[in-house]
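Engineer: My questions all concern the structure below.
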Amino acid sequence: MELNISEGRSRSIRCIVKLGGAAITCKNELEKIHDENLEVVACQLRQAMMEGSASSKVIGMDWSKRPGSSEISCDVDDLGDQESSEFSKFVVVHGAGSFGHFQASRSGVHKGGLEKPIVKAGFVATRISVTNLNLEIVRALAREGIPTIGMSPFSCGWSTSKRDVASADLSTVAKTIDSGFVPVLHGDAVLDNILGCTILSGDVIIRHLADHLKPEYVVFLTDVLGVYDRPPSEPDAVLLKEIAVGEDGSWKVVNPVLEHTNKKVDYSVAAHDTTGGMETKISEAAMIAKLGIDVYIVKAATTHSQRALNGDLRDSVPEDWFGTIIRFSK
């Protein structure tokens, strides 16, 4: 596996955040963004990144005209007197939700086979969809004054071999961070040197970024409180508050103590999800935790997500915090 990254760069990445597709889009409505959630998430991210800094006026960075607005959303004249804001270093990765998954599953892009016209068309359609979502997320964060840069894995040279990352040039990501910007990556359709093409999930992207950027902690923002022992829609579903990961990568639930400790967690995956759903999320989170990096899986746009983004859980976890922590345990 080839992973290029610039040498001698600063390593003080504070947090990598995954915006789950189900949390920021309306998953049952094709290509519809959950505007309310995304707005709250953007505000919470700004608060977390500005923690410890003097509060300053939010100067939006989306100067484009939006439907229904007659002016750009930033008063450029305000920037002349604005002092430079210090942001701690974050990286954002988002899923596709109701964008991309339909196109990918309908055409079979995740299975490969670019020689088939429907797969090639689906590859193009998937990328149009996910890059449109990426732009809207970048704009939402930019309106909160976060200096975001959208980065598509395909365009940055990410590729796979039988769906596992084969090449990922992280030098552009590193330079973007060191220049004071926040990279915003996303799950993407990419070329695969065995299958021809496939879908690279945001969860896999985060694991590789964590391995090379070594953030202090990682936060997965989802549409449910955390990881449950069965689909949360089922009666008596139990929220798993802490999962311990061993040196061999295996994991077990340590809080709460389940009646059957060897009971496997049941997963539910939406029919259109081509990236593995919660099972992939836990598997990738466990590999991140094995690096000694705490992972928090928590419901987006809640007080619980704000505390996780702020890093408030690193020393101790309050009883009134609801979410799942996945951490390394020797």
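Using full-length UniProt numbering, read the sequence shown as starting at 1 and increasing by one per residue.
No residue lacks a Cβ here, since even glycine has one placed at the ideal position from N, Cα and C.
Between T261 and the rest of its own chain, which residues show a CB-CB distance below 8 Å, the 5 nearest in sequence each way excluded?
Structural biologist: Legend: pLDDT at T261 = 47, less than 50; position of this residue unreliable, value from coordinates given subsequently. Within the same chain, T261 has close Cβ partners K252 and V253.
Engineer: How would you write the range of the alpha helix (DSSP H) that P117 sits in, first residue to last?
Structural biologist: P117 to R143
Engineer: Let me make sure I understand the geometry here. Which of G21, H304, S88 and S64 has the alpha-carbon closest to that of R46?
Structural biologist: Taking only the C-alpha atoms, the option nearest R46 is S88.
Engineer: Which residues share a DSSP beta bridge with W251?
Structural biologist: V245
Engineer: With DSSP run on the structure shown, which of helix, strand or coil describes S152?
Structural biologist: For S152, the three-state secondary structure derived from DSSP is coil.
Engineer: For I24, which of N37, V17, T126 and I16 has the nearest alpha-carbon?
Structural biologist: N37
Engineer: Pairing CB atoms from the region 135-152 with CB atoms from the region 221-229, are three or more of them under 8 Å?
Structural biologist: no
Engineer: Going by DSSP, what residues sit across from P183 in a beta bridge?
Structural biologist: Looking at the DSSP assignment, P183 forms a beta bridge with I149.
Engineer: What do you get for K32, buried or exposed, if any count of 16 or more other CB atoms within 10 angstroms of its CB means buried?
Structural biologist: exposed
Engineer: Could you say which of P147, H186, G246 and S107 lies nearest to I177 if we only look at CA atoms?
Structural biologist: P147
Engineer: Does the structure place the region 310-322 close enough to the region 284-292 that three or more beta carbon pairs sit under 8 Å?
Structural biologist: no
Engineer: Counting C-beta neighbours from all protein chains within 10 Å, is the total for W63 16 or more, i.e. buried, or is it exposed?
Structural biologist: Using a 10 angstroms sphere on the CB of W63, the tally of other CB atoms stays under 16, which defines it as exposed.
Engineer: Using three-state DSSP, classify R46 as helix, strand or coil.
Structural biologist: helix
Engineer: Is the separation between the beta-carbon of V298 and that of H304 shorter than 8 Å?
Structural biologist: Closer than 8 Å, so yes.
Engineer: Quick one: Cα of E279 to Cα of K65, how far?
Structural biologist: 40 Å
Engineer: How about V119 and S107: are their beta carbons less than 8 Å apart?
Structural biologist: yes
Engineer: Which word fits residue 338, buried or exposed, when buried means at least 16 other C-beta atoms lie within 10 angstroms of its C-beta?
Structural biologist: The chain is shown only over 1 to 330; residue 338 falls outside these bounds and no answer can be derived.
Engineer: Could you give the first and the last residue of the continuous beta strand (DSSP E) run that contains K18?
Structural biologist: I13 to L19
Engineer: Please confirm if the region 236-253 is in contact with the region 204-218, defined as three or more CB-CB distances below 8 Å between the two stretches.
Structural biologist: The region 236-253 makes no contact with the region 204-218: fewer than 3 CB pairs, one atom from each, lie closer than 8 Å.
Engineer: Could you give the uninterrupted runs of the alpha helix (DSSP H) lying entirely in the region 268-329, keeping only those of 4 residues or more?
Structural biologist: 277-289 and 303-310
Engineer: Helix, strand or coil, according to DSSP, for D188 in the structure here?
Structural biologist: D188 falls in the strand class under three-state DSSP.
Engineer: What is the DSSP secondary structure of D236, reduced to helix, strand or coil?
Structural biologist: coil
Engineer: For L209, write down the residues that DSSP places opposite it in a beta bridge.
Structural biologist: The partner list for L209 (beta bridge, DSSP) is empty, contrary to what the question assumes.
Engineer: Classify A168 as helix, strand or coil using the three-state DSSP reduction.
Structural biologist: strand
Engineer: Using the three-state DSSP reduction, which class does S107 fall into: helix, strand or coil?
Structural biologist: helix
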